[in-house]
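Residue 161 is where the sequence shown starts when you use the working numbering, and the numbers rise one by one after that. In this text, a Cβ means the ideal position worked out from N, Cα and C, and glycines have one as well.
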Amino acid sequence: AQSVWGYDSDNGPERWHENYPLAKGDKQSPIEINSKDVQHDSSLAPWHASYDPGAAKTILNNGRTCRVVFDDTFDRSVLRGGPLTGTYRLRQLHLHWGSSDDHGSEHVIDGVKYAAELHMVHWNPKHGNFAGALKQPDGVAVVGIFLKVGKTPKPEMKRILEEIDNIKTKGKEAPFQHFDPSILFPKSRDYWTYHGSFTTPPCEECITWILLREPIEVSSDQMAKLRSLSKNGENEPVNPLVDNWRPPQPVKGRVVKASFK
Ligand SMILES: Cc1ccc(O)c(S)c1
Ligand SMILES: [Zn+2]
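As structure tokens, this is what we get:
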């Protein structure tokens, strides 16, 4: 039997479709965004997040990413507006990153790869629960934020990075409370939006992507901290958790809309 999916040569993105047929669908993510093909949509409303810091629960290393989990048992931390109809509940946030500062993001903008990409995953409670939302084209909304290595690192990333030492190996989890993830947003609310999928198996095509145009800045040391996470469990051979990004997928005629000119 094929080993569990991952990002290595024997179980990576080129082979996911063997166990997860959706990976070869027509609305897969990530994609390359070329500004010349983007359509400005003046009818796109601004998006709004209202998050309760008390909803943050834990931070964990699942061997594939670093994930912060939130209480989504009621409309406690929600996203609305933008391309969305109704309110979507924040469930978790996680990151994808590279083995060096010059790559790591999943979406690529005009040929630019950022060092990392942060995903804030929200789901539409009209579909009952998260599992039900995965089966709907309007089930999930993910806000994507690009991380760029620069000279004025965002102090708000410190909270997440300070916890890394407590979740070094796969399966490690630590309490992560009193955290409002909206502090991670850049100044500008400009965004691109298109319909796509999870960038990890089973790659369900249930996502309205809201990708923020303005990256947030992190330091090279902060990126090194993220790369100090391990894929392996405790007492197993060290296997650095890096390059957990899926390459761009076929656009297949989809149009990316921009909230800005
Ligand atoms: C729910 C979920 C899990 C992992 C992911 O990379 C994404 S994009 C979404
Ligand atoms: Zn993701």
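Item, Value
"Using a Cβ-Cβ cutoff of less than 6 Å, which residues in the same chain neighbour S265 once the five nearest sequence positions on both sides are dropped?", "K273, Y274, E277, F306"
"With distance defined between alpha-carbon atoms, name the residue in A384, N179, V415 nearest to V402.", "A384"
"Return the CA-CA distance between T245 and V300, expressed in angstroms with no decimal places.", "11 Å"
"Taking only the alpha-carbon atoms, compute the straight-line gap between A161 and E178 and give it to the nearest angstrom.", "Caution applies to A161, whose pLDDT of 48 falls short of 50 and renders its modelled position unreliable; the value that the coordinates give is listed next. Computed Cα separation, rounded: 11 Å."
"Pick from W283, N221, G292: whose alpha carbon is nearest that of H254?", "N221"
"Taking the straight line between their C-alpha atoms, what separation do you get for P400 and P362?", "23 Å"
"For ligand 1, is there any heavy atom lying closer than 8 Å to the beta carbon of F116?", "Outside the displayed span of the chain (161 to 421) sits residue 116, for which this structure offers no information."
"Cβ atoms of P313 and V378: under 9 Å apart, would you say?", "yes"
"Given G393, which residues of its chain have a CB within under 8 Å of its CB, disregarding the five upstream and five downstream residues?", "G223, T329, K330, G331"
"Is it the case that the Cβ atoms of F336 and T233 are separated by a distance below 9 Å?", "no"
"Helix, strand or coil for A161 per DSSP?", "For A161, the predicted model reports a pLDDT of 48, less than 50, meaning its position is unreliable; a value from the coordinates is still stated below. Note: A161 maps to coil in three-state DSSP."
"Report the start-end ranges of each alpha helix (DSSP H) in the segment 332-402 that is 4 residues or longer and not cut off at the edges.", "380-386"
"Shortest alpha-carbon distance to D212 belongs to which of S237, S203, H279?", "S237"
"For F420, which three-state DSSP category applies?", "coil"
"Would you list the one or two residues that DSSP bridges to A276?", "W257, L307"
"Locate the alpha helix (DSSP H) running through N179, then write down its first and last residues.", "176-179"
"How about T359 and S169: are their beta carbons less than 9 Å apart?", "no"
"With DSSP as the reference, identify every bridge partner of A209, one or two as the case may be.", "L239"
"In the DSSP output, which residue or residues are listed as bridge partners for A301?", "H282, T368"
"Between D340, N289, Y351, H267, which lies nearest to P410 when the distance is taken from Cα to Cα?", "H267"
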